[in-house]
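One line per chain: the protein sequences are E and V, in this order. When the letters of the first sequence are read in order and numbered with my numbering, they come out as residues 10 to 477. When the letters of the second sequence are read in order and numbered with my numbering, they come out as residues 10 to 477. These notes are about the structure you will find just below.
Number of protein chains: 2
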Amino acid sequence: MAAERLVVIGGDAAGMSAASQARRLKGPAELGITAFERGHFTSYSACGIPYWVGGDVAERDELIARTPEEHRARAIDLRMRTEVTEIDVAGQRVRALDRDSGETSWTGFDKLVIATGARPVRPALPGMDAPGVHGVQTLDDGQALLDSLNRAGAFRAEGPEGRRAVVVGAGYIGVEMAEAMLKRGFEVTVLNRGEQPMATLDPDMGRLVHDAMDGLGITTVNGAAVTAIRTGPDGRVRAVETADASYPADVVVLGIGVEPETTLARAVGLPVGPHGGLLTDLSMRVVGHDNIWAGGDCVEVLDLVAGRTRHIALGTHANKHGQIIGSNVGGGYGTFPGVVGTAVSKVCDLEIARTGLREKDARAVGLRFVTATIESTGRAGYYPGARPMTVKMLAEFRTGRLLGVQIVGRDGAAKRVDVAAVALTAGMTVEQMTALDLGYAPPFSPVWDPVLVAARKTVTALRRAGTA
Amino acid sequence: MAAERLVVIGGDAAGMSAASQARRLKGPAELGITAFERGHFTSYSACGIPYWVGGDVAERDELIARTPEEHRARAIDLRMRTEVTEIDVAGQRVRALDRDSGETSWTGFDKLVIATGARPVRPALPGMDAPGVHGVQTLDDGQALLDSLNRAGAFRAEGPEGRRAVVVGAGYIGVEMAEAMLKRGFEVTVLNRGEQPMATLDPDMGRLVHDAMDGLGITTVNGAAVTAIRTGPDGRVRAVETADASYPADVVVLGIGVEPETTLARAVGLPVGPHGGLLTDLSMRVVGHDNIWAGGDCVEVLDLVAGRTRHIALGTHANKHGQIIGSNVGGGYGTFPGVVGTAVSKVCDLEIARTGLREKDARAVGLRFVTATIESTGRAGYYPGARPMTVKMLAEFRTGRLLGVQIVGRDGAAKRVDVAAVALTAGMTVEQMTALDLGYAPPFSPVWDPVLVAARKTVTALRRAGTA
Numbered sequence: 010m011a012a013e014r015l016v017v018i019g020g021d022a023a024g025m026s027a028a029s030q031a032r033r034l035k036g037p038a039e040l041g042i043t044a045f046e047r048g049h050f051t052s053y054s055a056c057g058i059p060y061w062v063g064g065d066v067a068e069r070d071e072l073i074a075r076t077p078e079e080h081r082a083r084a085i086d087l088r089m090r091t092e093v094t095e096i097d098v099a100g101q102r103v104r105a106l107d108r109d110s111g112e113t114s115w116t117g118f119d120k121l122v123i124a125t126g127a128r129p130v131r132p133a134l135p136g137m138d139a140p141g142v143h144g145v146q147t148l149d150d151g152q153a154l155l156d157s158l159n160r161a162g163a164f165r166a167e168g169p170e171g172r173r174a175v176v177v178g179a180g181y182i183g184v185e186m187a188e189a190m191l192k193r194g195f196e197v198t199v200l201n202r203g204e205q206p207m208a209t210l211d212p213d214m215g216r217l218v219h220d221a222m223d224g225l226g227i228t229t230v231n232g233a234a235v236t237a238i239r240t241g242p243d244g245r246v247r248a249v250e251t252a253d254a255s256y257p258a259d260v261v262v263l264g265i266g267v268e269p270e271t272t273l274a275r276a277v278g279l280p281v282g283p284h285g286g287l288l289t290d291l292s293m294r295v296v297g298h299d300n301i302w303a304g305g306d307c308v309e310v311l312d313l314v315a316g317r318t319r320h321i322a323l324g325t326h327a328n329k330h331g332q333i334i335g336s337n338v339g340g341g342y343g344t345f346p347g348v349v350g351t352a353v354s355k356v357c358d359l360e361i362a363r364t365g366l367r368e369k370d371a372r373a374v375g376l377r378f379v380t381a382t383i384e385s386t387g388r389a390g391y392y393p394g395a396r397p398m399t400v401k402m403l404a405e406f407r408t409g410r411l412l413g414v415q416i417v418g419r420d421g422a423a424k425r426v427d428v429a430a431v432a433l434t435a436g437m438t439v440e441q442m443t444a445l446d447l448g449y450a451p452p453f454s455p456v457w458d459p460v461l462v463a464a465r466k467t468v469t470a471l472r473r474a475g476t477a
Numbered sequence: 010m011a012a013e014r015l016v017v018i019g020g021d022a023a024g025m026s027a028a029s030q031a032r033r034l035k036g037p038a039e040l041g042i043t044a045f046e047r048g049h050f051t052s053y054s055a056c057g058i059p060y061w062v063g064g065d066v067a068e069r070d071e072l073i074a075r076t077p078e079e080h081r082a083r084a085i086d087l088r089m090r091t092e093v094t095e096i097d098v099a100g101q102r103v104r105a106l107d108r109d110s111g112e113t114s115w116t117g118f119d120k121l122v123i124a125t126g127a128r129p130v131r132p133a134l135p136g137m138d139a140p141g142v143h144g145v146q147t148l149d150d151g152q153a154l155l156d157s158l159n160r161a162g163a164f165r166a167e168g169p170e171g172r173r174a175v176v177v178g179a180g181y182i183g184v185e186m187a188e189a190m191l192k193r194g195f196e197v198t199v200l201n202r203g204e205q206p207m208a209t210l211d212p213d214m215g216r217l218v219h220d221a222m223d224g225l226g227i228t229t230v231n232g233a234a235v236t237a238i239r240t241g242p243d244g245r246v247r248a249v250e251t252a253d254a255s256y257p258a259d260v261v262v263l264g265i266g267v268e269p270e271t272t273l274a275r276a277v278g279l280p281v282g283p284h285g286g287l288l289t290d291l292s293m294r295v296v297g298h299d300n301i302w303a304g305g306d307c308v309e310v311l312d313l314v315a316g317r318t319r320h321i322a323l324g325t326h327a328n329k330h331g332q333i334i335g336s337n338v339g340g341g342y343g344t345f346p347g348v349v350g351t352a353v354s355k356v357c358d359l360e361i362a363r364t365g366l367r368e369k370d371a372r373a374v375g376l377r378f379v380t381a382t383i384e385s386t387g388r389a390g391y392y393p394g395a396r397p398m399t400v401k402m403l404a405e406f407r408t409g410r411l412l413g414v415q416i417v418g419r420d421g422a423a424k425r426v427d428v429a430a431v432a433l434t435a436g437m438t439v440e441q442m443t444a445l446d447l448g449y450a451p452p453f454s455p456v457w458d459p460v461l462v463a464a465r466k467t468v469t470a471l472r473r474a475g476t477a
């Protein structure tokens with residue numbers, strides 16, 4: 010019997026996790042695996058790029074979990090710099106273009122994994138492609154930015170010239186890149202279209218991030234929609250323009266977010282959801298297609314709290330998807346039940362975390378809720394290094410079910426959100442949460458953990474609302 | 010109508026939380042509150058004593074959450090240095106002894122709260138009461154120890170004399186006091202009766218603590234049962250003796266643990282459990298007594314995983330008990346469903362955490378299980394400061410239900426156990442845990458959180474055991 014043929018499109022987290030897990034379950038005699046990657050790298054941590062740019066991580070290669078050679082050593086036929094340009098669903102084959110030689114060829118499959126990732130949102134504005142304007146989605150992007158920073162540094166004079174960075178966007182990537190540019194010695198201005206930075210938080214919590222960024226010396230301009238990138242006679246970026254103002258810039262970093270890269274899949278009618286991502290079932294099979302799987306940044310995931318799909322580009326989901334796809338493709342079993350929307354980040358020592366629904370998310374899906382916000386510390390108040398931490402909690406009216414948590418604070422703030430993530434997954438009420446047996450010792454928590462304090466205040470809010 | 014009379018025995022976390030919460034719900038015209046405390050202090054953090062002794066916390070008073078004066082300002086009749094010596098259940102009154110004047114008097118109650126705490130286990134061995142031998146349960150104990158350290162310091166000569174500390178016991182208090190004494194410049198030897206330090210962990214995890222303590226310069230002697238404290242001509246401690254050896258000591262710290270202080274309650278036949286703690290119902294009422302509540306270190310709590318009661322002396326439980334008792338006494342409503350056995354601690358930068366059942370706990374209640382142990386890091390491997398972390402997980406055979414987690418590691422190890430604490434409370438299986446949406450960003454976690462890695466390996470162990 011000839012080996013079954015698995016084709017994987019995309020050589021980063023989801024695609025190569027799927028290939029590796031399938032290989033773990035089936036040897037080359039049973040399963041042939043061909044993987045296509047259009048770029049130079051495989052299996053790398055895009056989430057680590059801001060820390061490489063900022064200098065916390067010294068070498069690009071530290072971000073690479075597994076090289077092409079390591080994949081090939083596991084009997085995966087990995088074609089680098091080779092872009093799949095067409096999927097022939099009925100014919101069970103893909104056409105690929107070797108980007109160096111320019112040659113194209115068809116490869117047949119019995120099973121197909123689509124892991125094409127996401128592409129940065131790059132608004133069609135004048136000057137957006139000028140030298141000195143950088144995305145930070147790929148290792149290539151990161152390297153280009155670092156080269157640009159070194160070039161800017163070489164021209165540094167007295168005064169601010171040569172060291173003014175403008176970051177467009179104030180989401181996770183935006184704030185992490187603001188930190189990175191600050192660490193590189195730049196004067197940093199963040200242009201944020203929204204009401205407050207970190208639109209993944211409610212504005213009252215985003216305000217805390219804004220204040221902290223102020224304190225760090227990062228200028229954040231809210232309500233700033235970029236209209237153009239102004240360039241100089243040499244073609245390089247000089248400033249970022251909004252309707253109201255012009256912000257001098259020697260380097261511009263785009264942190265505007267990403268959208269699912271599903272061009273190939275849409276061209277052949279594979280189903281996409283309201284956010285442009287591929288739709289899959291619980292086993293990560295593309296809906297309506299028994300032999301095509303999809304995972305990572307190119308799919309939509311079920312939001313278990315909102316009861317509908319979302320698009321979340323995050324390495325931790327991509328790795329889980331790949332693992333599950335690889336199990337199913339390799340004859341094992343795995344499902345991805347969905348997400349609760351957990352995300353953590355930091356700007357210097359300020360930690361930012363969220364899980365579940367924001368106020369507007371809850372409203373959008375017809376949920377009535379109460380909120381409570383508390384301030385506490387990550388350690389016992391008397392323990393050295395105790396710093397303020399703000400926790401906001403949302404619970405459903407009547408049922409008292411937890412709907413979401415947002416945390417902004419210092420040491421120990423971010424990962425505290427995991428308690429809420431598990432409680433959301435389990436469908437706990439905030440009353441149940443008040444009794445949670447969380448770890449207590451003075452270096453790690455006040456005697457009432459901030460999450461418990463928030464749960465208690467939310468219970469009170471429910472009672473006042475005539476419910477609970 | 011005369012005010013209802015509430016009497017509280019014990020002025021620390023459980024007792025004063027109960028009094029405060031009752032006062033919040035009912036004013037003095039409705040409810041008179043009398044509280045008796047035999048010591049000098051109210052509402053303090055006993056868990057903070059090692060950090061005060063070690064110098065992290067500069068002043069004793071920082072450990073006091075609320076002073077007697079603050080309680081009195083809230084219309085609580087607080088009698089300090091006054092010890093309740095008898096409960097007259099049928100007559101609804103308590104007899105109290107003023108320890109300064111020697112006078113006794115009876116006080117009537119409609120409702121009674123017993124919050125008598127725990128007392129240190131102090132084996133009846135020769136020399137145990139010698140000057141230089143110290144418990145660390147109360148602020149008075151901590152002050153006596155600090156005075157003793159200062160005295161020892163004053164006699165310091167060249168060489169080790171005057172700065173040798175022996176800590177008896179290697180549980181939470183023992184290891185925290187070992188750190189404290191190290192910080193005070195002492196040479197520290199920990200004498201541990203068990204196989205490994207931290208008997209609240211399985212020995213394989215305790216071994217990691219032992220190795221880390223070695224690395225910190227703390228000498229740990231396992232299997233060392235103390236037989237006597239040897240004193241010098243001046244009556245002060247000179248050495249600690251075991252069957253095999255003699256350990257020179259200028260100061261001895263007892264960290265052997267505590268047992269429920271229920272002398273008063275047992276004298277009048279109130280029900281105690283197998284660990285000597287008072288037995289209560291879910292509303293924290295003493296079983297069989299509608300008008301008597303008990304909480305804090307003097308009660309047994311239901312272990313939700315083992316399905317039977319345990320004794321756990323921990324401020325976080327005591328505060329919850331007090332809150333619940335105060336609500337119920339004050340006409341509100343609250344219940345304490347039980348614990349899952351979460352505890353966290355540290356020795357210098359080594360973090361130690363556990364929740365749920367150890368292997369021997371599971372066996373003791375008739376559970377069959379599998380275990381898995383993994384090593385990971387608290388941050389992405391490439392992020393600065395990523396340090397090893399070991400996670401051990403137990404899951405029930407057949408059902409795959411999580412039974413327990415133990416974590417030993419550095420930065421971010423301790424509070425990670427909270428994820429497991431919530432999962433235990435929710436009765437999750439380890440398979441369900443593999444899909445948990447935990448916070449991921451390189452400074453806070455590898456792309457697979459260590460808890461997820463452990464869950465995955467435990468799933469594999471279940472599969473190999475022919476189950477799951």
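Even for Gly, the Cβ is constructed at its ideal location relative to N, Cα and C.
Sub-8 Å separation of residue i and residue j beta-carbons
i: V/Val-417; j: V/Thr-399; result: yes
i: E/Val-184; j: E/Pro-206; result: yes
i: V/Gly-136; j: V/Ala-27; result: no
i: E/Ala-327; j: E/Gly-297; result: no
i: V/Gly-340; j: V/Lys-35; result: yes
Proximal chain E residues relative to residue i, where beta-carbon distance stays under 7 Å
i: V/Tyr-60; result: Tyr-392, Pro-451
i: V/Gly-475; result: Going along chain E, no residue has its Cβ under 7 Å from V/Gly-475, so there is no contact; the nearest lies around 16 Å.
Partners in chain E for residue i, counting only beta-carbon separations shorter than 9 Å
i: V/Cys-56; result: Ala-389, Tyr-449, Ala-450, Pro-451, Val-456
i: V/Val-349; result: Leu-445, Asp-446
i: V/Gly-421; result: Gly-421, Lys-424
As assigned by DSSP and simplified to three states, the class of residue i
i: E/Pro-135; result: coil
i: V/Ile-182; result: helix
i: E/Tyr-392; result: coil
i: E/Val-336; result: In the sequence under discussion, the amino acid at residue 336 of chain E is Ser, which differs from the Val named in the question. Helix.
i: E/His-219; result: helix
i: E/His-49; result: coil
i: E/Gly-365; result: strand
i: V/Ala-163; result: Residue confidence for V/Ala-163 is low, a pLDDT of 49 falling below 50, so the modelled location carries little weight and cannot support an answer.
i: E/Thr-469; result: helix
i: E/Ala-303; result: strand
Within chain V, the residues that residue i reaches when beta carbons sit closer than 8 Å
i: E/Ser-354; result: Ala-450
i: E/Phe-345; result: Ala-444
Residue i: contacting residues in chain V (beta-carbon distance under 7 Å)
i: E/Glu-71; result: Tyr-391
i: E/Asp-65; result: Tyr-392, Pro-393
Amino acids of chain V, ordered along the chain, whose beta-carbon sits closer than 9 Å to that of residue i
i: E/Met-437; result: Val-431, Thr-434, Ala-435
Interface partners of residue i on chain E, CB under 8 Å
i: V/Leu-323; result: Tyr-449
i: V/Ala-362; result: Gly-448
i: V/Asn-328; result: Val-456, Trp-457
Where the segment 214-233 of chain E meets chain V: residues whose CB sits under 9 Å from a CB there: none
Residues in the segment 424-435 of chain E with C-beta within 9 Å of chain V's C-beta atoms, listed in sequence order?
Lys-424, Arg-425, Val-426, Asp-427, Val-428, Ala-429, Ala-430, Val-431, Ala-432, Leu-433, Thr-434, Ala-435
*Taking Cβ-Cβ distances below 7 Å as the criterion, which residues of the segment 172-183 of chain E are in contact with chain V?*
none
Scan the segment 24-86 of chain E and note each continuous beta strand (DSSP E) run of 3 residues or more that stays entirely inside, going in chain order.
-> 40-46
Query - Residues, ordered as in the chain, of the segment 393-409 of chain E that lie near chain V by beta-carbon distance below 8 Å - result: Pro-393
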